[in-house]
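Take 1 as the starting number for the sequence shown in the working numbering and just add one per residue.
Shown next, in structure tokens, is the structure this report addresses.
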Amino acid sequence: MQQATAAAGLWAAVFGASLAGCTATVQTEEGATLPVVGGRAEEGYPAVGYLLVGEDAGSLRRACGATAIRPNVAVTAAHCVVGSAAFGIGFGDGGDEHVARTAITHPEYEPNGFERYRHDVAVLLFDDELGALPAEIGQAQPGDPGRYIGYGRTTPGGQEVQDGYTFERKSAAQTVEREDGQNVWTQGVDGGLCWGDSGGPLMVDGTTTVLGVLADFDGVFECFEGNRMIFTSLAGEESFIQDAIDGRIDGVGQGGGDPGDGWGGNGDGGGDWGGGGGGGGCEYDCAAYGYGDGDCAEGWRCAGGCLAYDGCGLGGGGAGACELSCADFGYAGGDCSEGWYCDGACITFTGCWSGGGGSAGGECEYSCADYGYAAGQCEEGWYCDGVCLSYAGCGFGDDDDWGGGDDDWGDDGGWGDDGGWGDDGDDGWGDDGDDGWGDDEG
1 MQQATAAAGL WAAVFGASLA GCTATVQTEE GATLPVVGGR AEEGYPAVGY LLVGEDAGSL
61 RRACGATAIR PNVAVTAAHC VVGSAAFGIG FGDGGDEHVA RTAITHPEYE PNGFERYRHD
121 VAVLLFDDEL GALPAEIGQA QPGDPGRYIG YGRTTPGGQE VQDGYTFERK SAAQTVERED
181 GQNVWTQGVD GGLCWGDSGG PLMVDGTTTV LGVLADFDGV FECFEGNRMI FTSLAGEESF
241 IQDAIDGRID GVGQGGGDPG DGWGGNGDGG GDWGGGGGGG GCEYDCAAYG YGDGDCAEGW
301 RCAGGCLAYD GCGLGGGGAG ACELSCADFG YAGGDCSEGW YCDGACITFT GCWSGGGGSA
361 GGECEYSCAD YGYAAGQCEE GWYCDGVCLS YAGCGFGDDD DWGGGDDDWG DDGGWGDDGG
421 WGDDGDDGWG DDGDDGWGDD EG
């Protein structure tokens, strides 16, 4: 979310940056009827509100979630604010809304990085008191019962789904699976999170303690009950937060970087990752950003006069459109590390292991023979190329969510045999790890 091109202007429409000005109450349209996938209507947690972003105080619109942590300080996700020039916060389903004096993003936040969820946090400073009981920051621990509160999309599915942006305050129970001092990984219990939810808080269920702000999906960009998410740990960012409050870090300036590539728009014009539509016409018009039909730059493609994010044009390669470029990560053609394979230009996740999988030869992390798959067979998302199994998203059944199982995607509840992506892990991608992509845990 940094740079100044035609695409940067688009970025500005989608995300947020800083405003110097007076705090004031602003008016926006009334909310409609529901958000969060599943979950429940939520009237508690008074510190939790919705983020407002815009070009100026008169154009503020709802975007992500935000949480008051001091009488005149709130936190949200960095990717929700970079690119805008004005910010604010509102509470309830449409209560008082306050304009922020400035927004400050973490100086180490890298929106286009391989781990873009790192340091995805921003601080909003206000001249007046917000009138909400602030939350206090706590340290997440595995097994903690959490609750997410937010205003995002309520309908399941991928980024292409454009309905369900209703802006009613809802919540969904979360379980903390792990934390590493910077981020917190969770899984939904009675609901799932979706586009429009980012920046909102992970609270300790039933308390005023906030553990993190929602940064990214964990693994797959889909909305369904029980999906996994990554939060920025606020305990891990307390020194940054204090520096921002004390004025030791400059606020976000107008402008910003490339259009984002994760959380889609929220039907109301901005703030959350990407740029979903808002019903009727284009949310992002090609001509307004200097795109011609068929043009693609920095992940955004123009088709039929409308811009939509599809990941094209990031890093070059392939058909001129890598989301992850081999060169950017030091991969050579045929290289494979921890499941990521380089075809000579682009990196894709194939599940290969130590030296190229699938038709490229070398070892597989998941062998077709080990799981009884024949060449060309695809079931529950896993495809056999004749040698290796890789996740391709094909072959899902009709019973529940994606798979033919009981709850999530695979046979029993995860992507693998027991609950993870690997053979016998709990929730990771590796063979026997708890939560990492490798063999053991990382």
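Cβ atoms here follow ideal geometry from the backbone N, Cα and C, with glycine treated the same way.
Residues bridged to residue i [DSSP beta-bridge criterion]
{"i": "residue 66", "result": "49"}
{"i": "residue 74", "result": "68, 124"}
{"i": "residue 216", "result": "230"}
{"i": "residue 81", "result": "Answer by DSSP bridge pairing: none, since residue 81 is not bridged."}
{"i": "residue 86", "result": "54"}
{"i": "residue 60", "result": "DSSP output for residue 60 lists no bridge partner at all."}
{"i": "residue 105", "result": "122"}
{"i": "residue 150", "result": "170"}
{"i": "residue 389", "result": "384"}
{"i": "residue 184", "result": "179, 231"}
{"i": "residue 303", "result": "306"}
{"i": "residue 145", "result": "175"}
{"i": "residue 379", "result": "382"}
Under 8 Å between C-beta atoms of residue i and residue j
{"i": "residue 126", "j": "residue 106", "result": "no"}
{"i": "residue 131", "j": "residue 89", "result": "no"}
{"i": "residue 85", "j": "residue 56", "result": "yes"}
{"i": "residue 228", "j": "residue 187", "result": "yes"}
{"i": "residue 199", "j": "residue 65", "result": "yes"}
{"i": "residue 69", "j": "residue 134", "result": "yes"}
{"i": "residue 138", "j": "residue 210", "result": "yes"}
{"i": "residue 47", "j": "residue 208", "result": "yes"}
{"i": "residue 148", "j": "residue 180", "result": "no"}
{"i": "residue 71", "j": "residue 129", "result": "yes"}
{"i": "residue 325", "j": "residue 296", "result": "no"}
{"i": "residue 216", "j": "residue 117", "result": "yes"}
{"i": "residue 121", "j": "residue 213", "result": "yes"}
{"i": "residue 251", "j": "residue 102", "result": "yes"}
Three-state secondary structure assigned by DSSP to residue i
{"i": "residue 337", "result": "strand"}
{"i": "residue 174", "result": "strand"}
{"i": "residue 236", "result": "helix"}
{"i": "residue 330", "result": "coil"}
{"i": "residue 249", "result": "coil"}
{"i": "residue 367", "result": "strand"}
{"i": "residue 244", "result": "helix"}
{"i": "residue 287", "result": "helix"}
{"i": "residue 279", "result": "Note that residue 279 scores 33 on pLDDT, short of 50, meaning its location in the model is unreliable and no value can be drawn from it."}
{"i": "residue 97", "result": "strand"}
{"i": "residue 201", "result": "strand"}
{"i": "residue 112", "result": "coil"}
{"i": "residue 210", "result": "strand"}
{"i": "residue 136", "result": "strand"}
{"i": "residue 373", "result": "coil"}
Cut-off 7 Å between Cβ atoms - residues of its own chain near residue i, not counting five sequence neighbours on either side
{"i": "residue 371", "result": "389"}
{"i": "residue 39", "result": "With a pLDDT of 40 at residue 39, under the threshold of 50, the modelled position of this residue cannot be trusted, and the question is left open."}
{"i": "residue 218", "result": "185, 228, 229, 230"}
{"i": "residue 337", "result": "none"}
Neighbourhood of residue i by C-beta distance below 8 Å, restricted to the same chain and skipping five residues each side
{"i": "residue 249", "result": "104, 107, 240, 243"}
{"i": "residue 374", "result": "368, 384"}
{"i": "residue 203", "result": "45, 48, 135, 146, 147, 148, 149, 209, 210, 211"}
{"i": "residue 292", "result": "286, 302"}
{"i": "residue 59", "result": "86"}
Other residues of its chain near residue i: CB distance less than 6 Å, five sequence neighbours each side excluded
{"i": "residue 377", "result": "384"}
{"i": "residue 91", "result": "49, 132"}
{"i": "residue 236", "result": "181, 182"}
{"i": "residue 119", "result": "106, 108, 109"}
{"i": "residue 344", "result": "333"}
Distance cut-off 7 Å: residue i Cβ against heavy atoms of the ligand MG
{"i": "residue 119", "result": "Among the ligands in the structure shown, none appear at all, so the ligand MG cannot be discussed."}
Cutoff 8 Å: residue i Cβ touching any chain C Cβ
{"i": "residue 248", "result": "Looking for chain C here will not work: only one protein chain is present."}
message = So, does the segment 138-145 touch the segment 63-80, judging by three or more C-beta pairs under 8 Å?
response = no
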